[in-house]
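Every letter in the sequence shown is one number past the one before it in full-length UniProt numbering, and letter 267, counting from 1, is 267. Every residue, glycine too, gets a C-beta built ideally from N, C-alpha and C. For reference, the structure discussed in these notes is given below.
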Amino acid sequence: MNAAVASHLVLLLGAGGISPDAALTAAGKVTSDVSVVWYEGGAPAAAVERLRQQWSGSFDGEWLAVDDHLRIPDLLVDLHERRPVHGVVTFGEPLILVQAEAQQRLGLPGNPPETVRAAQSKLAQRRRLRAAGVEKIRFYEIADEADVPAAAAEVGFPAVLKPVHGAASFLVSKVGDEDELRDRLREALVAYRESPLFDPEPLFVLEQLLVGDQWYEEAGFGDYVSVESLVEDGRITHVGVTDKLPLQGFVETGDVVPTSLPADRHRQVLDHAGRIIEAMGVRWGATHLELKLTQDGPACIELNARLGGPMGHLLRASSGADIEADIMRLALGRPAEGDYQGVRYALYRSVPPPAQAVTLVRQTPREELLAGFPELVFCKTRFAPGAELHPERPYNVLTFLVTGDDVTSCLATAERVTAAYEAEFVSLADGSPVPFSTSTH
1 MNAAVASHLV
11 LLLGAGGISP
21 DAALTAAGKV
31 TSDVSVVWYE
41 GGAPAAAVER
51 LRQQWSGSFD
61 GEWLAVDDHL
71 RIPDLLVDLH
81 ERRPVHGVVT
91 FGEPLILVQA
101 EAQQRLGLPG
111 NPPETVRAAQ
121 SKLAQRRRLR
131 AAGVEKIRFY
141 EIADEADVPA
151 AAAEVGFPAV
161 LKPVHGAASF
171 LVSKVGDEDE
181 LRDRLREALV
191 AYRESPLFDP
201 EPLFVLEQLL
211 VGDQWYEEAG
221 FGDYVSVESL
231 VEDGRITHVG
241 VTDKLPLQGF
251 VETGDVVPTS
261 LPADRHRQVL
271 DHAGRIIEAM
281 GVRWGATHLE
291 LKLTQDGPAC
301 IELNARLGGP
311 MGHLLRASSG
321 ADIEADIMRL
331 ALGRPAEGDY
341 QGVRYALYRS
351 VPPPAQAVTL
361 VRQTPREELL
371 AGFPELVFCK
381 TRFAPGAELH
391 PERPYNVLTF
401 LVTGDDVTSC
411 LATAERVTAA
421 YEAEFVSLAD
431 GSPVPFSTST
441 H
């Protein structure tokens, strides 16, 4: 029996990250022995059953369901006694810590739980990076309004208020003075407690506002990048640098690979990324690191001990390599195999809804966009007319991916696609029309 067949991989699915069917497709390139722990977080029963049928037709293993993610390490210890487990993988942020705990208990390749806890805390990240001498960004912990004066004195203004634990750009706001900080903090405290996406007890960090600089020779890019890396027992391999389209406030709008940074700037980014990953203590798996391109050099926005959202799509479209499969190989203690040298350009575009509670009235159908633009690798409209959208939920109304022979053609195609997408929204509060734009400018 070859190694691929003998390796029993466990996938923790149902809590976000890449789509579950994409995870199964990647696993099929790595091993035929795959068990699934499905976290019952509200997916439609019919969709879960279709996925289970897809799994059962392709793999040996067990399908286990759990409604309490904290039970997963114990569940995997029991599974290991019946069927020895050789690797555990998740792509969903809520399950990364229990993945690490299970890996530690079973003696499998993985990051220590304390490393994952630090990576999931914006405050712990800042403390680790400062202690290691890697970053000098000013920051201060805020639990309630009593902390505001000390935070303002330590950090100064303008500054950025962020939840210590959060996802995407929820409740991230720029503040210009102490009064505005108090106002945004009050709003965030209410939203934090009401949102099912957050822990019930809010904690925030006030950070120095990072000011971006122009690092590109071409126009059209934002002032920050992300770095995707794979780590094998402490050995870091940078898969690539992803350019970003301009932000809408603090909301991401697009990603482009391969990078258009000049060679010296590219090296500067990778060198700093390596220092950050080492300082954070990441030893296994994937990292997604966001860096602001400042006048003084790259500065850490945040590091995630997992693959970044659309990066698997982008890298496959650009290079043909499957980073999700390589993450699974690393979890099994095997080396990555992908060649991530881009052979063409790929651009992932996301269009957020208006920044208020709205109802979607109508939109351009996905099928119309696919028919009109053959450059589209995929296109997804997330909501149907009648859907209610709330600003504290991290969903885009439109996402798509295009490819091209150069970055200019990708940017131009993305502009045409977004111009062709039309949507109407009305206020959830009073039914009045709400302005909506797909532009990043």
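query: Contacts around residue 149, its chain only, beta-carbon distance under 8 Å, and the 5 residues preceding and following it disregarded; result: 178
query: Closer than 8 Å to chain B by CB, residue 253; result: Note that chain B does not occur in the displayed structure, where there is just one protein chain.
query: Bridge-paired residues (DSSP) for residue 298; result: 293
query: Pair within 8 Å by beta-carbon distance, residue 210 and residue 292; result: yes
query: Residue 100 (DSSP reduced to helix, strand or coil); result: helix
query: In DSSP terms, what residue 378 is bridged to; result: 401
query: 8 Å Cβ cutoff met for residue 224 and residue 154; result: no
query: In DSSP terms, what residue 174 is bridged to; result: 160
query: Coarse secondary structure for residue 242, derived from DSSP in three states; result: strand
query: Inter-residue CB distance, residue 140 and residue 171 (contact presumed, cutoff 8 Å); result: At roughly 17 Å, the Cβ-Cβ gap does not stay under 8 Å, so residue 140 and residue 171 are not in contact.
query: Coil, strand or helix - residue 390 by DSSP; result: coil
query: Boundaries of the beta strand (DSSP E) in which residue 38 is found, first to last residue; result: 33–39
query: Burial state of residue 70 (16 or more Cβ within 10 Å); result: exposed
query: Boundaries (first-last residue) of the alpha helix (DSSP H) holding residue 407; result: 407–420
query: First and last residue of the uninterrupted alpha helix (DSSP H) at residue 80; result: 72–82
query: Whole-Å CB distance - residue 429 paired with residue 280, under 8 Å assumed; result: Between residue 280 and residue 429 the Cβ distance is about 42 Å, and since that is not below 8 Å, they are no contact.
query: Classification of residue 35 by the beta-carbon crowding that lies within 10 angstroms, buried from 16 upward; result: buried
query: Distance between beta carbons of residue 108 and residue 77, contact taken as under 8 Å; result: At roughly 12 Å, the Cβ-Cβ gap does not stay under 8 Å, so residue 77 and residue 108 are not in contact.
query: Helix, strand or coil at residue 287 [DSSP, three-state]; result: strand
query: Beta-carbon contacts of residue 420 that lie in its chain and below 7 Å, excluding the five residues immediately before and after; result: 364, 369 and 372
query: Minimum length 3: unbroken beta strand (DSSP E) runs contained in the segment 132–158; result: 139–142
query: Among 10, 416, 434 and 415, nearest to residue 424 - alpha-carbon criterion; result: 434
query: Three-way DSSP call (helix, strand, coil) for residue 8 in this model; result: strand
query: Residues bridged to residue 425 [DSSP beta-bridge criterion]; result: 360 and 434
query: Burial state of residue 380 (16 or more Cβ within 10 Å); result: exposed
query: Beta-bridge partners of residue 371, as assigned by DSSP; result: In DSSP, residue 371 forms no bridge with anything.
query: Segment contact, 8 Å Cβ cut-off, at least three pairs: the segment 123–140 with the segment 245–261; result: no
query: Rounded straight-line distance, which links the Cα of residue 125 to that of residue 339; result: 30 Å
query: Beta-bridge partners of residue 227, as assigned by DSSP; result: 241 and 289
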